[in-house]
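Chemist: First the structure, then my questions, so here it is.
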Amino acid sequence: MLNFFAKLITKNNKLVVLISVLLIVPCIYGTVMTRINYDVLSYLPKDKESVIGENVLEDKFKTAATTFLMIDNMPQSDVKKLSKKIKEIPAVNDVIYVRDIIGIGIPKDFLPKELSDIFYSEKGELLMIKYEEKAASESTMQAIDEMNKLLNEQCFISGLSVLLKDIKQLILTEMPKYVSLAGILSLIVLIVCLESWILPFIFMATIGIGIIYNFGTNIFLGEISYITQAIASILQLAVTMDYAIFVVHRYDEEKNNYAEKNVAMQHAIVGAFLSLAGSSLTTVAGFGALCFMSFTLGMDLGLVMMKGVILGVITCVTFLPALILIFDKAIHKYTHKSLILEFHKLTDFILERRKRAILIFLIAFLPALYYQSHLSIYYDISRALPKTLQSNIGKDKLENDFGMGTSHMIVMKDGIESRKMKKMFNELDDIKGIKRSVGYEKFVGPAIPDSFIPQSLKDMFKKDSSQMILISSQYLPATDEVNEQIDKIISIAKKYDDTSLVTGEAALTKDLTDTVNRDIQTTNFLSILAIFLIVAIVFKSVSIPFILVSCIELAIFINMAIPSVLSHSVAFVTPIVIGAIQLGATVDYSILLTTRFQEELQKGLDKKTAIQTATQSSAKSIITSVLVFLSANLGVIFMSTIDIIKGICVTLARGSIISGLVILFILPPILYVSEGFINKTSLKWRN
Numbered sequence: 001m002l003n004f005f006a007k008l009i010t011k012n013n014k015l016v017v018l019i020s021v022l023l024i025v026p027c028i029y030g031t032v033m034t035r036i037n038y039d040v041l042s043y044l045p046k047d048k049e050s051v052i053g054e055n056v057l058e059d060k061f062k063t064a065a066t067t068f069l070m071i072d073n074m075p076q077s078d079v080k081k082l083s084k085k086i087k088e089i090p091a092v093n094d095v096i097y098v099r100d101i102i103g104i105g106i107p108k109d110f111l112p113k114e115l116s117d118i119f120y121s122e123k124g125e126l127l128m129i130k131y132e133e134k135a136a137s138e139s140t141m142q143a144i145d146e147m148n149k150l151l152n153e154q155c156f157i158s159g160l161s162v163l164l165k166d167i168k169q170l171i172l173t174e175m176p177k178y179v180s181l182a183g184i185l186s187l188i189v190l191i192v193c194l195e196s197w198i199l200p201f202i203f204m205a206t207i208g209i210g211i212i213y214n215f216g217t218n219i220f221l222g223e224i225s226y227i228t229q230a231i232a233s234i235l236q237l238a239v240t241m242d243y244a245i246f247v248v249h250r251y252d253e254e255k256n257n258y259a260e261k262n263v264a265m266q267h268a269i270v271g272a273f274l275s276l277a278g279s280s281l282t283t284v285a286g287f288g289a290l291c292f293m294s295f296t297l298g299m300d301l302g303l304v305m306m307k308g309v310i311l312g313v314i315t316c317v318t319f320l321p322a323l324i325l326i327f328d329k330a331i332h333k334y335t336h337k338s339l340i341l342e343f344h345k346l347t348d349f350i351l352e353r354r355k356r357a358i359l360i361f362l363i364a365f366l367p368a369l370y371y372q373s374h375l376s377i378y379y380d381i382s383r384a385l386p387k388t389l390q391s392n393i394g395k396d397k398l399e400n401d402f403g404m405g406t407s408h409m410i411v412m413k414d415g416i417e418s419r420k421m422k423k424m425f426n427e428l429d430d431i432k433g434i435k436r437s438v439g440y441e442k443f444v445g446p447a448i449p450d451s452f453i454p455q456s457l458k459d460m461f462k463k464d465s466s467q468m469i470l471i472s473s474q475y476l477p478a479t480d481e482v483n484e485q486i487d488k489i490i491s492i493a494k495k496y497d498d499t500s501l502v503t504g505e506a507a508l509t510k511d512l513t514d515t516v517n518r519d520i521q522t523t524n525f526l527s528i529l530a531i532f533l534i535v536a537i538v539f540k541s542v543s544i545p546f547i548l549v550s551c552i553e554l555a556i557f558i559n560m561a562i563p564s565v566l567s568h569s570v571a572f573v574t575p576i577v578i579g580a581i582q583l584g585a586t587v588d589y590s591i592l593l594t595t596r597f598q599e600e601l602q603k604g605l606d607k608k609t610a611i612q613t614a615t616q617s618s619a620k621s622i623i624t625s626v627l628v629f630l631s632a633n634l635g636v637i638f639m640s641t642i643d644i645i646k647g648i649c650v651t652l653a654r655g656s657i658i659s660g661l662v663i664l665f666i667l668p669p670i671l672y673v674s675e676g677f678i679n680k681t682s683l684k685w686r687n
């Protein structure tokens, strides 16, 4: 079957190229129609109480996507006009303006303290805007755009919906720039590393089409996260470039055996596909481990990247061979000397100091493991964005002027006795760091009967047999203080209603922290297990997977230890994905070198000559791969201002360099010293 397809591709190479190019059209449509989700918190497990509470707030109170509008020193008549105009925006559900509740005529000093504390500061006042749909919906973001047109320099806005809008704007602005830069830098690396002037452009066209296919087929997933959108093309470029290089090397080898180029390419396609299927399996396994995360952002990235790797292999054995056959003469006519040096002396140097290399390998594990286990991780999404953004400016103002570091919401059943509710409010207000708690029962009393309360105020706190309590905290999300505070709030709320739910940005972030900490262990374990088994099957060995995985794990530990040593914090996504991606993507380096070592032994060479030959022949490919991986990520590092995305790419780039160094300097001595043990624990190692 493979021979049939290989013959079909080589015989109809121009048709293959034409069909491949035409497929770009539906893929562009698919890319445009795929929805992008900018809300990372939406990937939390659906059974978390904070998530359930958020959904209740959205369905009943329409407060999940609330925007806080702060207005400084504006006449009440102008504020009322602005409130009315905002309310007329189609996607806006309501504007909570205190004067709509109690009227313009009443001085603010006569307002109940509960209301004045929420809606007034020394400089101005606060309005709350509620939307018809969730914070990350397109209609909500369009509403914020429309609202911004109405605001002047006296106005500031804050809230999750504003934060997500800022993220979207940054992605749309920066992504074309860093993808283009990544492509240019990768092209330069290929021109430097390869001997042909034409091949780098053919490689970039092949990988580019694979990326377009991958993004186009995302339409079948419905939506992808903005993090996946931002790094998937970079990752696919970095990971699948090796496959293209391998196909060309195989073709050049087959040309020595077959004079007819079409026949040589047929054999190259068959041989390359079988090798690439095995090689790509480790990468797919690394991404596959992400799919088992309970934080489903992992599945989002994992599915897209597994698909990307598979499509990358397919384009490398269909479109690439067809393109090479068309431009074969030009490829071999326009050549230059590769600028990567030979490594004859380096391999001798490494082997002469093999005991030191192995000692470094063993000693480095403990400090690397210690420091990476003490890595500082941050979970506050706003921290990953520039301070100059509208959402962060508004957030700081909300905290400084209104004392709202963050807001918690309690959703509980209506009908609880007034006496018990007042007792609960007293307990909540006594919690350290709580600025105020506000609910319907705080407005009702002997002086103000229920019949005097405006319906708009009732609707704000009571709806459909549920009531909502708003709590202002002086603590910021993702801090130990606020997490302890949330635990106390939950404990108090459950005393009065065991079905109560505590939600809000801080509660969601707390659940995010707990979920991510478990997921890091899960993904690391599964990726190691999967790749261990794959390597064991490929080499029919018990010892080789242990050696190869240990080398890459050391590289991962060192990679994640560096920010810890430098006292830098990393975004929560980074440690989740790095372990699986770095292991899956760079274990190929070690497989390449080990495979060549085995081949040389099977030719009858002694182990010293075999490891020298294997290291020398593999070094160029490994260095080229590392440089492509580095250059692809450099585009994001230079251009992105979103620290979550930039941080992942910094860590991936650093990880590829460390993995390359470990494989070139540490693995050869280990293989050389362990060869006798490997032979005893492997099936047909030397034969």
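Taking UniProt numbering, the leading residue of the sequence shown gets 1, the next gets one more, and so forth.
All C-beta atoms in this analysis are idealised placements derived from N, C-alpha and C, irrespective of residue type, glycine included.
1) Check whether the Cβ atoms of L187 and P200 lie closer than 9 Å to each other.
2) Do the stretch 140-160 and the stretch 48-67 make contact, defined as three or more Cβ pairs closer than 8 Å?
3) Please give the ranges of any beta strand (DSSP E) in the stretch 363-450, keeping only runs that are unbroken, at least 3 residues long and fully inside the region.
4) If the criterion is Cβ atoms closer than 9 Å, does the pair I622 and G660 meet it?
5) Could you tell me which uninterrupted alpha helix (DSSP H) segments, each at least 4 residues in length, are contained entirely in the stretch 299-334, listed from first to last along the chain?
6) In terms of alpha-carbon separation, which member of S682, S437 and V92 lies closest to V535?
7) Going by DSSP, name the residue or residues bridged to Y178.
8) Let me confirm a value: P90 is counted as buried when at least 16 other C-beta atoms fall within 10 Å, else exposed. Which label applies?
9) Give the single residue among I314, D606, K510 and G635 whose Cα lies nearest to the Cα of E484.
10) DSSP on G124, reduced to helix/strand/coil?
11) Using 8 Å as the cut-off, can you tell me whether the stretch 273-282 makes contact with the stretch 206-217, which would need three or more C-beta pairs spanning the two stretches below that distance?
12) I think I537 touches A230, with their Cβ atoms under 8 Å apart; what is that distance to the nearest whole Å?
13) Quick check on DSSP: helix, strand or coil for K684?
14) Report the residue from Q142, G124 and S121 whose alpha carbon sits nearest the alpha carbon of residue 749.
15) Mind checking whether Y251 and A268 have CB atoms under 9 Å apart?
16) I'd like to know whether the C-beta atoms of V662 and L554 end up nearer to each other than 9 Å.
17) What residue from L15, I657 and P668 has the CA that sits closest to A357's CA?
18) DSSP puts S541 in a beta bridge; with which residues?
19) Could you tell me how far apart the beta carbons of I245 and I331 are, in whole angstroms, since I believe they sit closer than 8 Å?
20) Mapping the DSSP letters down to three states, classify L627 as helix, strand or coil.
21) Leaving out the 5 sequence neighbours to the left and right, which residues in its chain are closer than 7 Å to L194 when beta-carbon positions are compared?
22) Is the CB-CB distance between L526 and L593 below 9 Å?
23) Please list the terminal residues of the continuous alpha helix (DSSP H) segment that includes D606.
24) In three-state DSSP terms, what is I129?
25) Tell me whether S373 is buried or exposed, calling it buried when 16 or more other Cβ atoms sit within 10 Å of its Cβ.
26) Run through the stretch 215-293 for me and flag every whole alpha helix (DSSP H) of 4 or more residues, listed as ranges in chain order.
27) Counting only the same chain and skipping the five closest in sequence on each side, list residues whose C-beta sits under 6 Å from that of Y38.
28) Using a beta-carbon distance below 9 Å, is A259 in contact with chain D?
29) Could you tell me which whole beta strand (DSSP E) segments of length 3 or greater appear in the stretch 24-95?
30) L566 lies in the beta strand (DSSP E); which residues open and close that run?
31) Tell whether a beta-carbon distance below 9 Å holds between L323 and N55.
32) Grab the span of the alpha helix (DSSP H) containing I19 for me, first residue to last.
33) Given this structure, state the Cα-to-Cα distance separating S590 from V636, to the nearest angstrom.
34) Would V626 and L583 qualify as a contact pair, given that the criterion is a beta-carbon distance under 9 Å?
35) Please classify H249 as buried or exposed, where buried requires at least 16 neighbouring CB atoms within 10 angstroms.
36) Hey, quick one: how far does the beta strand (DSSP E) through T503 stretch, first residue to last?
Modeler: Checking against the coordinates, here is how it stands:
1) yes
2) Short answer: they touch.
3) Runs of the beta strand (DSSP E) inside the stretch 363-450: 376-378, 406-413 and 434-438.
4) yes
5) 319-326 and 328-333
6) S682
7) Paired residues: none, contrary to the question.
8) exposed
9) Among I314, D606, K510 and G635, the Cα nearest to that of E484 is on K510.
10) strand
11) no
12) 34 Å between Cβ atoms; not a contact.
13) coil
14) For residue 749 there is no data in the structure shown, the boundaries of the chain being 1 and 687.
15) yes
16) yes
17) Taking only the C-alpha atoms, the option nearest A357 is P668.
18) S682
19) Their Cβ separation, rounded to whole angstroms, is 13 Å, which puts I245 and I331 out of contact at 8 Å.
20) Helix at L627.
21) P200 and S338
22) Cβ atoms of L526 and L593: not closer than 9 Å.
23) Following the DSSP letters along the chain, one finds D606 in no alpha helix (DSSP H), marked with neither H nor E.
24) Strand at I129.
25) exposed
26) For the stretch 215-293, whole alpha helix (DSSP H) runs of length 4 or above, ordered along the chain, are 226-255 and 261-290.
27) Contacts found: A136, L164, I167, K168 and Y226.
28) Included in the structure is just one protein chain, with no chain D present.
29) 35-37 and 67-72
30) Judged by DSSP secondary structure, L566 falls outside any beta strand (DSSP E); it is assigned neither H nor E.
31) no
32) N13 to L22
33) 27 Å
34) no
35) Around the beta carbon of H249, fewer than 16 other beta carbons sit within 10 angstroms, so the residue counts as exposed.
36) First-last of the beta strand (DSSP E) with T503: L501 to T503.
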